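A.B. asks: Below is a structure I'd like to ask you about.
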Amino acid sequence: MAIELTVGPVAHGGWCVARHDGRVVFVRHALPGERVLAEVTEETTRFLRADAVEVLEASPDRVVPPCPFAGPGRCGGCDWQHASPEAQRRLKTDVVAEQLRRLGGIEWKGRVEEVPGAPGGLGWRTRVQFAVDRDGTPGLRRHRSHDIEPVDACLIAHPEVERVGAETLNWRGASSVEVIASSGGDRAVVISPKPRRTVAVPDLDESVSVFVNEGRGRTRTVHGHHHVTERVDGRDFRVTGSGFWQIHPGAAATLLEAVMEFAAPKQGEWALDLYCGVGLFAAALAEAVGPDGAVFGVESEPAAVRDAERNLRDLPQARAGRGFVEDALDRYGIERADLVVVDPPRTGLGREVVDRVAGLEASRIVYVSCDPATLARDLSWFAERRYRLAGLRAFDAFPMTHHVESVALLVNESI
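Numbering (full-length UniProt numbering), first residue to last: 1 to 415.
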């Protein structure tokens, strides 16, 4: 069913909001202020989802998508290829402000900042996961679908990812293939086999390491190095297999600078790095608090904990422990801290962890978030525990998509 819509404001998730016959319509591939013809893709009693298939009156922010696979019914990886990079950041600013206002009761007057290293919003993604169909052809999933769009190139992929040529190879027996190009100059592929299937690894350049994902956080090295090296501010970080690392080449350094500016760690302080990954923030905190201070990182992923221990081994004042945050603080006997950094997954902290972190009575908490909705929710709960938002910066670490990274500073008003 096709409907004509006048498009309203942007919404979280890469949609704009319109109305039709009294119902809300979440429409993709449109921009605020446009008049479009949209094809309904989903219908419920409360709302519709739709794709703008024809633009009747265009926004001045509209551009021709640079990627031939972008657009209605095609690859679901990018949300905003039809908007200029500057317009994308304005849209994300509106989303962050709206989520903070609606879910957190917070008025934010900031803006989403550009992250260096992605000219024109292209060529930035250093980790790309391709889905693989039953015939072994790789591609990217369509929006809200298990269907796979075959692609012969991905324009937001880093040039070193594209140089592997994964899109042109057959990966029969695999369910997905992740291609990695690290800032340390390594290239690797991580193959996830289909159940009870063996993957015949295609011919790759000798310099490309090959890992097989064996599940439960374990990877097996088929060829090359056992890990990749990421480099930030002259420090190397070991990352095993498909372990977590920021995918924008400028994001790790940008977020680290923002975290350290807000945290302002002092010599001799006791700091926690929760959801610490491989130790990016923990290392910088340890250097700042010095030998008379201490840093403890908590991470649930076993391989990441092992990497963090290795990455922090030259800093005796820093340690990392395995566990879920809601349990690990009690297990390791952590009752107080001067400073806490949290970098949770998209689901955020949740009420239990907010209460547990607030109970540490740190003078300041730095919250790194990849979802403005869960950030706003958690900030409202911290406010109930007398933690005031003292600063918030947001970054366009995922150009062409709706995703945005934020760093917030909370200060303890009870001290």
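Ideal Cβ positions, reconstructed from N, Cα and C, are used throughout, including at glycine.
Keep in mind that this is a model prediction, so the values were computed, not measured.
(1) Should Thr198 be labelled buried (16 or more other beta-carbon atoms within 10 Å of its own) or exposed?
(2) If you follow the beta strand (DSSP E) that Pro150 is part of, which residue opens it and which one closes it?
(3) When burial is assigned at 16 or more other CB atoms within 10 Å of the CB, is Met400 buried or exposed?
(4) Determine the closest residue to Pro344 out of Ala337, Val151, Asp378, with distance taken between C-alpha atoms.
(5) Quick one: give me the first and last residue of the alpha helix (DSSP H) that Asp378 is part of.
(6) Could you pull out every residue in the same chain whose Cβ sits closer than 8 Å to the Cβ of Arg23, ignoring the five residues on either side in sequence?
(7) Could you check what DSSP says for Phe262 in three-state terms: helix, strand or coil?
(8) Under a three-way DSSP split, which group does Asp330 fall into?
(9) What would DSSP say about Arg197, mapped onto helix, strand or coil?
(10) If we count the other Cβ atoms within 10 Å of its Cβ and call it buried at 16 or more, is Asp203 buried or exposed?
(11) So Glu287 is in the alpha helix (DSSP H); what residue range does that whole segment cover?
(12) Does DSSP put Leu100 in a helix, a strand or coil?
(13) Would you call the segment 87 to 97 in contact with the segment 154 to 164, where contact means no fewer than 3 C-beta pairs closer than 8 Å?
(14) Whose C-beta lies closer than 8 Å to the C-beta of Val259 among residues of the same chain, with five residues either side of it excluded?
(15) DSSP on Thr93, reduced to helix/strand/coil?
(16) Counting pairs of Cβ atoms below 8 Å between the segment 238 to 249 and the segment 106 to 122, do you hit three or more?
(17) Across which residues does DSSP place Trp15 in a beta bridge pair?
(18) The alpha helix (DSSP H) spanning Pro138 covers which residue range?
(19) Which residue or residues does DSSP assign as beta-bridge partners of Gly391?
(20) Identify, in the order they occur along the chain, each residue of the same chain with its Cβ nearer than 8 Å to the Cβ of Gly8, setting aside the five sequence neighbours on each side.
(21) What span of residues does the alpha helix (DSSP H) with Val354 cover, start to end?
(22) Indicate whether Arg172 and Asp135 have their beta-carbon atoms separated by less than 9 Å.
(23) So is Arg331 buried or exposed if we call it buried at 16+ other beta carbons inside 10 Å?
(24) Using alpha carbons as the reference points, say which of Leu274, Val278, Arg196 lies closest to His227.
(25) Going by C-alpha to C-alpha distance, which of Glu4, Leu349, Gly185 sits closest to Leu274?
(26) According to DSSP, is Asn213 part of a helix, a strand, or is it coil?
(27) Please return the same chain residues whose Cβ sits closer than 7 Å to the Cβ of Thr347, not counting the five positions on each side in sequence.
(28) Can you tell which of Glu299, Arg313, Val295, Asp338 has the C-alpha that lies nearest to the C-alpha of Arg322?
(29) Determine contact between the segment 230 to 238 and the segment 378 to 397, defined as no fewer than three beta-carbon pairs at a distance below 8 Å.
(30) Based on Cα-Cα distance, which residue from Glu160, Leu169, Arg127, Gly123 lies nearest to Pro138?
(31) Thinking C-beta only, is Ile180 closer than 9 Å to Val161?
(32) Quickly, what does DSSP pair Thr126 with across the bridge? List them, please.
(33) Just to confirm my understanding: we take Ala318, look at its own chain, exclude 5 residues before and 5 after, and list those with CB closer than 6 Å. What are they?
(34) Once you ignore the five residues that flank Ser380 on each side, which residues in its own chain have a CB closer than 7 Å to its CB?
(35) For Gly290, which residues of its own chain have a beta-carbon under 8 Å away from its beta-carbon, when the five flanking residues on both sides are left out?
(36) Roughly how many whole angstroms lie between the Cα atoms of Arg127 and Arg393?
C.D. replies: Taking the structure as given:
(1) exposed
(2) 148 to 150
(3) buried
(4) Asp378
(5) 372 to 384
(6) Arg46, Phe47, Leu48
(7) In the structure shown, Phe262 sits in a helix (DSSP, three-state: H, G or I).
(8) helix
(9) coil
(10) exposed
(11) Per DSSP, Glu287 is one residue of the alpha helix (DSSP H) stretching across 280 to 289.
(12) helix
(13) no
(14) Phe281, Ala284, Val341, Val366, Val368, Val407
(15) Helix at Thr93.
(16) A contact exists between the segment 238 to 249 and the segment 106 to 122.
(17) Ala11
(18) No alpha helix (DSSP H) contains Pro138, which is instead part of the beta strand (DSSP E) from 138 to 141.
(19) Leu409
(20) Cys16, Val17, Ala18, Arg19, Pro32
(21) 350 to 358
(22) yes
(23) It is exposed - the Cβ of Arg331 has fewer than 16 other Cβ atoms within 10 Å.
(24) Val278
(25) Leu349
(26) strand
(27) Thr374
(28) With respect to the C-alpha of Arg322, the residue from Glu299, Arg313, Val295, Asp338 having the closest C-alpha is Glu299.
(29) no
(30) Leu169
(31) Yes, the pair counts as a contact, with Cβ atoms nearer than the cut-off.
(32) DSSP lists no partner for Thr126.
(33) Listed in chain order, the non-local C-beta contacts of Ala318 below 6 Å within the same chain comprise Ala282, Ala286, Val295, Leu312, local neighbours out to five positions each way being set aside.
(34) Leu103, Gly104, Gly105
(35) The answer, listed in chain order, is Gln267, Gly268, Gln317.
(36) 24 Å
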